[in-house]
Amino acid sequence: MNWLVFNRVYINCFDKTVIFPEIEEGKSLFLSARRVNEAVADGAELFMLLATLEAKDKLVICDLAVVCDFPDVFPEEVNELPPEREVEFSIDLVPGTRPVSMAPYRMSAVELTELKSQLEDLLDKKFIRPSGVAVDPSKIEAVSQWEAPKSVAEIRSFLGLAGYYRKFIEGFSKLALSLTMLTRKGQAFVWDSKCEEGFQELKRRLTTAPILILSSPSEPFEVYCDASLLGLGGVLMQNKKVIAYASRQLRVHERNYPTHDLELAAVVLF
C-alpha cells in the first residue's frame, strides 16, 4: 500500500470510500498510458480498481437492511396506508399474551383536579354527604309544615308539587280528588274534613319512604292480594306499613283458571 501513502490516498473501510485529497494546481493524480507502460517496464507494481454504480428508478422495500432482517413483519407490497391501531407496538413480556388496551388511569390529572373541585363545592353546599346520598331534611320539613291551602291558587301550587311525584304514590287521583274538586270553575271554596284528610295523606306520602317493618304478633295483620292473567301478588301489612311482598308467575295449568279461582289462588299464596 506504499502507493497510497505516496499519492496521499485514504481508504475509509467503514464508509467503503476512497478519498483523494485536493491537489495543487498543475499537479494531477492521473497518469497517461505511456507513463503507465514505462512504470511497468521499470518493475513498478500495478493495481487495478473497478468502480461501478448501479442506479435504480424505484426503491424496493426489500433493499432495506432492516426489512431483510425481519421478512415476516413487512409485506411484499404496500398498496395503501396501514389502518389506525390502538396499540402501535408492543413488547412480548409473557409469550402468548396481548397488551391491555386501556389507559393506565381512568382520567387525566387535569380532569381529576376539576372533579375534586366540583365535589368540594357540592359538599360545601350540602348537596352531597360523605356518608352517601340522602334526602335533604330541610326539604322534608318544608313539605311537612306546609299549611292548608286558603285559595284555589294555593291548591294548584300544592297539587303541582305533588303531581310531579304522582307515579310514586299509589292511588294519587283518589287522594287528591277532594282537592281537585275545589279547583273547578264555579266551585265554592269550602275546606272540609275530606280535603284536610287528603291533604295530610298526600304530605305523608311525599315525606315518608315505604320501608319494611318487623311484624308484631299482638297487632292485627292486613293482606292485600290480586291476580292477573300473568301472575299472583300480594302485600302483608300492619298499621298501614309493609311487612313483606310476595309474587309469582302463573303455572301452565293455572292459566286456564277462571277469575274467581285466580283470586282464591292469590289468597292461598299467603
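Residues in the sequence shown are numbered consecutively from 2, following the numbering used here. Ideal Cβ placement from N, Cα and C applies to all residues, glycine included.
Which residue from the options puts its Cα closest to that of residue i?
| i | options | result |
| --- | --- | --- |
| GLY235 | GLU77, PRO221, VAL269, LEU162 | VAL269 |
| PHE222 | ALA42, ASN240, LEU113 | ASN240 |
| ILE141 | GLY199, GLU78, ALA154, LEU203 | LEU203 |
| MET49 | GLU55, ASP43, ALA42, VAL37 | VAL37 |
| VAL144 | GLU197, ARG206, VAL68 | ARG206 |
| LEU183 | PHE169, GLU171, LYS168, PHE200 | PHE200 |
| VAL253 | THR208, GLY161, LEU263, PHE159 | LEU263 |
| SER248 | GLU55, GLU46, LEU237 | LEU237 |
Express the C-alpha separation of residue j and residue i in angstroms, rounding to a whole number.
| i | j | result |
| --- | --- | --- |
| TYR166 | PRO84 | 52 Å |
| ASP70 | CYS14 | 23 Å |
| LEU123 | GLU115 | 13 Å |
| GLN250 | LYS175 | 29 Å |
| LEU5 | THR18 | 14 Å |
| LYS195 | VAL111 | 59 Å |
| ASP193 | SER152 | 13 Å |
| PHE173 | THR181 | 11 Å |
| GLY164 | LEU120 | 31 Å |
| GLU155 | LEU162 | 11 Å |
| ASN80 | ASP16 | 34 Å |
| LYS242 | ARG185 | 34 Å |
| PHE7 | PHE21 | 12 Å |
| GLY44 | ILE12 | 25 Å |
| LEU113 | VAL95 | 33 Å |
If we count the other Cβ atoms within 10 Å of its Cβ and call it buried at 16 or more, is residue i buried or exposed?
| i | result |
| --- | --- |
| PRO76 | exposed |
| PRO138 | exposed |
| ALA267 | buried |
| ALA177 | buried |
| ALA40 | exposed |
| PHE169 | exposed |
| LEU51 | exposed |
Tell me the DSSP secondary structure of residue i in three-state form.
| i | result |
| --- | --- |
| ASP227 | strand |
| ILE141 | helix |
| ALA52 | coil |
| GLN201 | helix |
| ALA177 | coil |
| ASN240 | coil |
| GLY164 | helix |
| LEU233 | strand |
| THR209 | coil |
| SER248 | strand |
| VAL10 | coil |
| ARG185 | coil |
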